[in-house]
Amino acid sequence: MPLVIIPQGLTEMTGPIFGQDAVGKYDHDLTKNAVGSREPHGERIIVAGTVQDEDGNPIPDILLEIWQPNAAGRYNHADDQHDAPLDPNFLGAGRCVTDHRGRYRFITIKPGAYPWGNHYNAWRPSHIHFSLFGPSIMTRLVTQMYFLGDPLLELDPIYNSVPEAARNLLVAKLSMQISKSDWALGYEFNIHLRGRNATPMES
Ligand SMILES: [Fe+2]
Numbered sequence: 139m140p141l142v143i144i145p146q147g148l149t150e151m152t153g154p155i156f157g158q159d160a161v162g163k164y165d166h167d168l169t170k171n172a173v174g175s176r177e178p179h180g181e182r183i184i185v186a187g188t189v190q191d192e193d194g195n196p197i198p199d200i201l202l203e204i205w206q207p208n209a210a211g212r213y214n215h216a217d218d219q220h221d222a223p224l225d226p227n228f229l230g231a232g233r234c235v236t237d238h239r240g241r242y243r244f245i246t247i248k249p250g251a252y253p254w255g256n257h258y259n260a261w262r263p264s265h266i267h268f269s270l271f272g273p274s275i276m277t278r279l280v281t282q283m284y285f286l287g288d289p290l291l292e293l294d295p296i297y298n299s300v301p302e303a304a305r306n307l308l309v310a311k312l313s314m315q316i317s318k319s320d321w322a323l324g325y326e327f328n329i330h331l332r333g334r335n336a337t338p339m340e341s
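Counting from 139, one number per residue, gives the positions in the sequence shown under the numbering used here.
Now the structure itself:
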């Protein structure tokens with residue numbers, strides 16, 4: 139039986155439209171958007187990049203949301219009972235909207251590794267969860283960003299569930315252009331919503 143192609147209707151090809159007004163001034167800065175009034179513990183980092191379509195064209199007005207554990211490897215969530223301290227100055231979630239050149243930028247704390255009970259001595263590599271809402275429901279993306287050179291990557295079943303050739307699409311690279319002298323190291327993480335080099339997604 140040949141596959142039946144279902145034409146994409148208005149429901150698939152449209153979606154919510156986000157603009158710069160959709161986010162607050164500090165929503166992209168996880169070192170400032172918590173209820174505490176001090177700087178969170180840990181290594182401050184900048185994570186930035188562009189969101190592109192399959193042809194490499196930048197996509198503006200994409201809503202990016204991120205969530206992550208704190209520097210000690212603990213999420214600010216009731217389900218996370220890892221024996222590591224919470225940080226009252228770190229919520230671990232933020233969001234921003236890509237500008238007219240498809241660029242985004244977050245300021246955050248380098249996430250710690252954490253145990254996850256999948257098997258004996260199982261630890262997740264440092265990672266940041268990303269969710270993107272594109273201009274249509276066809277461009278929703280949920281994925282995880284990792285750090286180049288993390289020795290836990292080769293031991294991680296989630297990272298290794300991605301086809302080998304595509305794994306590097308999930309790994310942020312140190313960038314001295316994004317880094318800010320005397321303030322924070324920067325990491326570049328570009329995201330491709332569709333196409334042959336699409337960023338591997340969870341859903
Ligand atoms: Fe996680």
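The beta carbon of each residue, even a glycine, is placed where N, CA and C say it ideally should be.
Limits of the beta strand (DSSP E) - the one that residue i falls within
i: TYR242; result: 241-247
i: GLU181; result: Taken as a continuous stretch (DSSP letters only), GLU181 belongs to no beta strand (DSSP E), as it is neither H nor E.
i: PHE228; result: Unbroken run through PHE228: none, as it is neither H nor E.
i: GLY324; result: 322-326
i: SER317; result: 309-318
i: MET339; result: Counting along the chain, MET339 falls outside any beta strand (DSSP E), and DSSP gives it neither H nor E.
i: THR236; result: Neither: THR236 is in no beta strand (DSSP E) and is coded neither H nor E.
i: GLN158; result: GLN158 -> no beta strand (DSSP E), and no H or E assigned at all.
i: LEU279; result: 279-285
i: LEU270; result: 265-271
First and last residue of the uninterrupted alpha helix (DSSP H) at residue i
i: ILE197; result: It is not in any alpha helix (DSSP H) - ILE197 carries neither H nor E in the DSSP assignment.
i: TYR297; result: 295-298
Min CB distance residue i to chain D below 8 Å
i: THR236; result: Among the chains of the structure shown, chain D does not appear; only one protein chain is present.
Alpha-carbon spacing of residue i relative to residue j, whole angstroms
i: ARG334; j: TRP205; result: 27 Å
i: TYR213; j: ALA172; result: 13 Å
i: VAL189; j: TRP261; result: 29 Å
i: GLU192; j: TYR325; result: 22 Å
i: THR236; j: TYR258; result: 40 Å
i: LYS248; j: SER274; result: 31 Å
i: GLY250; j: TYR297; result: 16 Å
i: SER175; j: PHE244; result: 19 Å
i: PHE285; j: HIS265; result: 7 Å
i: PRO196; j: LEU279; result: 16 Å
i: ILE200; j: ASP217; result: 29 Å
i: GLY255; j: LEU293; result: 14 Å
i: LEU202; j: LEU270; result: 5 Å
i: LEU208; j: ILE329; result: According to the sequence shown, residue 208 is Asn rather than Leu. Computed Cα separation, rounded: 23 Å.
i: ALA304; j: THR246; result: 26 Å
i: PRO178; j: ALA336; result: 33 Å
i: GLN158; j: PRO140; result: 45 Å
Residue i Cβ short of 7 Å to ligand 3 heavy atom set
i: ASP217; result: This structure lacks ligand 3; the ligands present are ligand 1.
Query raised in the report: Within the structure, which residues are defined as neighbours of ligand 1 by a Cβ-heavy atom distance below 6 Å, reported in chain order?
Result: ARG262, HIS265 and HIS267
Query raised in the report: Quick check: the stretch 219-237 against the stretch 306-315, are there 3 or more CB pairs under 8 Å?
Result: no
**Report entry** Inter-stretch contact at 8 Å, needing at least 3 Cβ pairs: the stretch 165-181 / the stretch 223-231
**Finding:** yes
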